[in-house]
Amino acid sequence: MDARLEAIRDTVLARNPGEAEFHQAITEVFESLGPVHDRHPEFLEAAILERLCEPERQIIFRVPWTDDAGRVQINRGFRVEFNSALGPYKGGLRFHPSVYLGIVKFLGFEQIFKNALTGMPIGGGKGGSDFDPRGRSDAEVMRFCQSFMTELYRHIGEYTDVPAGDIGVGGREIGYLFGQYKRITNRYESGVLTGKGISWGGSLVRPEATGFGTVIFTQEMLKTRGASFEGQRVVVSGSGNVAINAIAKAQALGAAVVACSDSSGYVVDEAGIDIALLRDVKEVERGRLKDYAERRGGASYVEGGSVWDVNATVALPCATQNELDGDAAARLVRNGLLALGEGANMPSTRDAVAVFQEAGVLFGPGKAANAGGVATSALEMQQNASRDSWSFEHTEERLTDIMVGIHHRCASTADEYGDPGNYVLGANIGGFVKVADAMLAQGLI
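Letter by letter, the sequence shown follows residues 31 to 475 of this note's numbering.
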């Protein structure tokens, strides 16, 4: 790392103790930015990095609610509004027991660059709670969401901060959150949340967008080697929304997707994942992959273990942060991995990324590869602002254009800075320069 940036990084880490994921995200970006500051010393003079690493606003609040037995439960809510140089804060809400300030800050920091790469006028933010919706009744989830929004509503708005979904926050949760926002404010402000239901302001393609976008970006990487998804053997981690739609898109492009996972284990289906059955098990029944294997002839379920033990030419990690370590990366490389596109946020550890890059694997970092979700959220905001609704085909075409544009921006930036094919460098520099230029133009704020 450049010595100038290392000093700044060390100060940032010291000011944010114990936030391991945030430290990891900061370090990964800083390692790319030395060449930028050689060309643009004005960024150092204006303390762009120091300002970029300090959120504009951090909100932590208590969320009291009652469960079905009438017991009072207390959770903690977060919203980190990181950077608004390009537009209103934009980023999802995550409901999961692992959520704490360091997770939210890591996600929000990544979101700054991801949103910049889309070319859409949106800033970076993130939020959530340590509430676990799994196993809770609809009534309990509703009461939690209403309590959460009773505090959050005062900090958000279509021109201020626009949350969406993330892990643990799907259409059900967005509906309850939006209903409470409308109730409190007495306004039908469609653009205040994205990921809404199609019948009340949502956008077609939004549920599919992150998974579809990851596959589109990975397809663009494969094209640089004269390849495509046609005939590739693909392994996907996760079996939630992102993973399911990544599987569907990869299959539509001719790939054989042979494995996916959940928190209990993974399933191998050499005939190719039955996407209709997977949707029934995971999205309708809220079941487990073990249930899929029991109903799918020829599929085998492995309790525990790692889905990365399965041979693949393309890997799509779509579960959660740091799920793929250096040892797993080495196994994938030995087994013939050609390309990896991150559908989750920072699913590969720093050791894993180093293994992939050293082996010449095409590696698409999450801030570029999974930007399709937030890009389509911005398209949802456009439709809300114009009181319009676009067709699936038109919206998917826009998504495809955006993802192809992100790939081009990352690839051309890597070329410009002398490291062709380094999508990590291309994504970090491409996003950073766009935000830094806007921050310079807007003065010291």
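A virtual CB, placed ideally from N, CA and C, is assigned to each residue, including glycine.
With 16 other Cβ atoms within 10 Å as the buried cut-off, status of residue i
| i | result |
| --- | --- |
| T240 | buried |
| G261 | exposed |
| A415 | exposed |
| R39 | buried |
| Q472 | exposed |
| T350 | buried |
| F462 | buried |
| I436 | buried |
| H25 | This structure does not reach residue 25, given that the chain is present from 31 up to 475, and the question cannot be answered. |
| P395 | buried |
| F73 | buried |
| A342 | buried |
| S421 | exposed |
| V102 | exposed |
| E203 | buried |
| A306 | exposed |
| R263 | buried |
| S294 | exposed |
| A33 | exposed |
8 Å Cβ cutoff met for residue i and residue j
| i | j | result |
| --- | --- | --- |
| L283 | F259 | yes |
| G121 | G154 | yes |
| V222 | G187 | yes |
| L26 | L392 | Any question about residue 26 goes unanswered here, given that the chain covers just 31 to 475. |
| G270 | G225 | no |
| F208 | V93 | no |
| L116 | A457 | no |
| T190 | P118 | yes |
| F476 | F125 | The shown model of the chain, from 31 to 475, leaves out residue 476, and the question about it has no answer. |
| A399 | E372 | yes |
| L409 | R428 | yes |
| A405 | L370 | no |
| Y322 | V311 | yes |
| S419 | V337 | no |
| M376 | I246 | no |
| N105 | D168 | no |
| E49 | L131 | yes |
| V134 | G157 | yes |
Any non-hydrogen atom of the ligand ADP closer than 7 Å to residue i Cβ
| i | result |
| --- | --- |
| T148 | Among the components modelled here there is no ligand, and therefore nothing to report on the ligand ADP. |
Residues that DSSP places opposite residue i in a beta bridge
| i | result |
| --- | --- |
| T96 | V102 |
| A194 | G122 |
| F108 | I90, G158 |
| N113 | G154 |
| G187 | D191 |
Cβ of residue i within 8 Å of any chain C Cβ
| i | result |
| --- | --- |
| Q88 | Checking the listed chains, one finds no chain C in this structure; it contains a single protein chain. |
Practice problem: Please specify which runs of the alpha helix (DSSP H), each continuous and at least 4 residues long, are wholly inside the stretch 38 to 91, giving them in chain order. | Solution: 50 to 60, 64 to 69, 71 to 75, 78 to 83
Quiz item: For the 8 Å Cβ check, are there 3 or more pairs between the stretch 454 to 467 and the stretch 268 to 281?
Solution: no
Practice problem: Could you say if the stretch 170 to 190 and the stretch 95 to 109 meet the contact criterion of at least three C-beta pairs nearer than 8 Å? | Solution: yes
Quiz item: Should the stretch 181 to 195 be regarded as contacting the stretch 108 to 121, the criterion being three or more beta carbon pairs within less than 8 Å?
Solution: Yes: at least three Cβ pairs fall under 8 Å.
Quiz item: Do the stretch 128 to 146 and the stretch 207 to 217 meet, that is, are 3 or more Cβ pairs less than 8 Å apart?
Solution: Result no; under three Cβ-Cβ pairs closer than 8 Å.
Quiz item: Is the stretch 375 to 383 in contact with the stretch 349 to 365, if contact means three or more CB pairs nearer than 8 Å?
Solution: Yes: at least three Cβ pairs fall under 8 Å.
Self-check item: Within the stretch 245 to 320, ranges of the alpha helix (DSSP H) (whole runs, at least 4 residues)
Solution: The qualifying runs are 271 to 282, 305 to 309.
Quiz prompt | Ranges of the beta strand (DSSP E) found wholly within the stretch 308 to 393, counting only runs of at least 3 | solution = 330 to 333, 344 to 347, 369 to 371
Self-check item: the stretch 299 to 309 touching the stretch 324 to 340, judged by at least three CB pairs closer than 8 Å
Solution: yes
Practice problem: With a floor of 4 residues, list each alpha helix (DSSP H) that falls wholly inside the stretch 385 to 436, ordered by position along the chain. | Solution: The DSSP assignment places complete alpha helix (DSSP H) segments of no fewer than 4 residues inside the stretch 385 to 436 at 396 to 399, 402 to 415, in order along the chain.
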